[in-house]
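Heads up, the sequence shown is in the numbering used here, so the first residue is 716 and it goes up one at a time.
These notes concern the structure reproduced below.
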Amino acid sequence: MIAEGTIRAFELGPKYNVKMAWGTDILFNPKGTASQGRQLTKLARWFDNADVLKMATGTNAELLAMSGNRNPYAGAIGVIEKGAMADMLLIDGNPLEDISLIADPDKNMKLIIKDGVIHKNTLAA
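This is the structure we're talking about:
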């Protein structure tokens with residue numbers, strides 16, 4: 716029943732110009748964390764790749780900004796600009812053309828920066 720409602724929301728959202736974001740509660744379950752990228756890529760069934768990426772980044776940032784004092788970030792998020800919180804992924808390939816690239820972060824994410832700190836860097840020196 717829940718899955719049917721989710722599918723219906725994915726179908727109706729774009730039809731009625733509803734701004735949609737993507738999130739998950741598996742963030743706090745280490746066993747589920749690895750599947751987040753795979754789950755996100757499944758949205759390509761209903762949305763184009765650019766919209767899938769926006770739902771997980773910029774649109775989520777817009778929603779957090781609306782939370783006022785509950786927003787844990789002092790600076791802008793979901794954008795690449797001076798003064799914004801520095802979270803960035805460098806992916807080997809173009810997820811706009813092949814969204815499945817984000818499903819395998821160990822292989823395809825070459826650089827991961829979170830809060831301005833490099834957590835992974837496999838770029839050739």
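C-beta: ideal position from N, C-alpha, C; glycine also.
Assign residue i to one of three DSSP states: helix, strand, or coil.
i, result
"K746", "helix"
"N836", "strand"
"I795", "coil"
"L826", "strand"
"L805", "strand"
"M770", "helix"
"N784", "helix"
Write down the C-beta distance between residue i and residue j rounded to the nearest angstrom, noting that I regard them as a contact closer than 8 Å.
i, j, result
"G793", "A776", "2 Å"
"A799", "G831", "Going by Cβ atoms, the distance from A799 to G831 rounds to 10 Å, so no, they are not a contact pair."
On a CA-only basis, which of the options is nearest residue i? Give me that one, please.
i, options, result
"G728", "T748, A771, W761, A749", "W761"
"A749", "I795, T772, P820, D813", "P820"
"M803", "K835, W737, L816, G747", "K835"
"W737", "A771, G720, L778, L816", "A771"
Roughly how many angstroms separate the alpha carbons of residue i and residue j, rounded to a whole number?
i, j, result
"K822", "G783", "37 Å"
"M735", "L805", "24 Å"
"A718", "G808", "31 Å"
"K797", "Q751", "28 Å"
"I722", "K829", "31 Å"
"T739", "Q754", "9 Å"
"L795", "K746", "The sequence shown places Ile at residue 795, not Leu. Each residue's Cα considered, the two are about 30 Å apart."
Determine, using beta carbons only, whether residue i and residue j come nearer to each other than 9 Å.
i, j, result
"K825", "L811", "no"
"L758", "F725", "yes"
"A818", "T774", "no"
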